Amino acid sequence: MVNKPNPNPQYIVIEGAEGSGKSTQVERLAQYLTDQGILTKVVREPGSTPAGEAIRNLNQHSKFDLDPKTGLLLVYAARVELLNYISQLTKSGQWVISDRNYLSTYAYQGYGQGMDISTIDQVHRAVMPDNLVPDHTFVIDTSFATNQARLGSQAAELDR
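Residue numbers (this note's numbering): 25 to 184.
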């Protein structure tokens with residue numbers, strides 16, 4: 025089957041905690057859409073652009089003890105780059121499936137690092153385009169025990 029640009033491309037987000045199976049569902053959905061002849065691109069947040077991948081690496085493997093506000097601004101810098109890329113993809117008729125989006129910022133920076141939610145809201149409103157919001161967002165909800173069991177030895181690293 026030949027994959028063709030779609031006149032009504034969709035921007036789909038799949039969210040969930042580490043170990044929830046979100047990345048597996050992203051892959052399965054992408055394969056299903058591709059099998060249906062729909063031109064599909066998978067992206068991850070942060071990442072999927074050169075700047076986004078560099079920021080992802082800095083945030084995840086940094087030897088620096090970054091202030092939470094610095095981390096927040098880096099995540100949004102990566103997000104701006106990614107949304108520009110997503111806009112290009114959808115304009116060319118491709119469906120986009122994103123592994124995470126801004127909801128993760130509230131979880132990681134807000135609840136995980138204790139950053140004030142109103143600060144995240146302010147940054148979000150200041151830098152996000154109003155015209156590029158997901159067409160569909162799915163949140164995979166699994167128990168903490170399930171997540172821990174799936175992650176196994178990786179669970180200790182995620183507490184970082």
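A virtual CB, placed ideally from N, CA and C, is assigned to each residue, including glycine. Treat the numbers as computed from the prediction; the structure is a model and nothing was measured.
Can you give me the C-alpha to C-alpha distance between residue i and residue j, rounded to a whole angstrom?
i	j	result
Asp165	Asp91	29 Å
Phe168	Gln137	18 Å
Ile36	Gln60	16 Å
Gln172	Gly43	7 Å
Asn155	Thr170	36 Å
Leu53	Tyr130	25 Å
Val163	Asp89	30 Å
Thr48	Ser142	32 Å
Ala78	Tyr109	16 Å
Does the Cβ-Cβ distance between residue i and residue j come in under 8 Å?
i	j	result
Leu96	Ile144	yes
Ala41	Pro70	no
Leu107	Pro74	no
Leu98	Leu82	yes
Asp123	Gln34	no
His148	Tyr132	no
Val66	Tyr100	no
Ser86	Pro29	no
Trp7	Leu57	The structure shown does not extend to residue 7, since the chain spans only 25 to 184, so no value can be given for it.
DSSP three-state call for residue i: helix, strand or coil?
i	result
Ser116	coil
Asp123	strand
Lys93	helix
Val99	helix
Start and end of the alpha helix (DSSP H) containing residue i?
i	result
Thr161	First-last for Thr161: His160 to Ile164, but that is the beta strand (DSSP E), not the alpha helix (DSSP H).
Val37	No alpha helix (DSSP H) contains Val37, which is instead part of the beta strand (DSSP E) from Tyr35 to Gly40.
Thr143	Ile141 to Val151
Gln55	Lys46 to Asp59
Gly76	Pro74 to His85
In terms of residues, what are the limits of the beta strand (DSSP E) holding residue i?
i	result
Thr9	The first residue shown for the chain is 25 and the last is 184, placing residue 9 beyond what the model contains.
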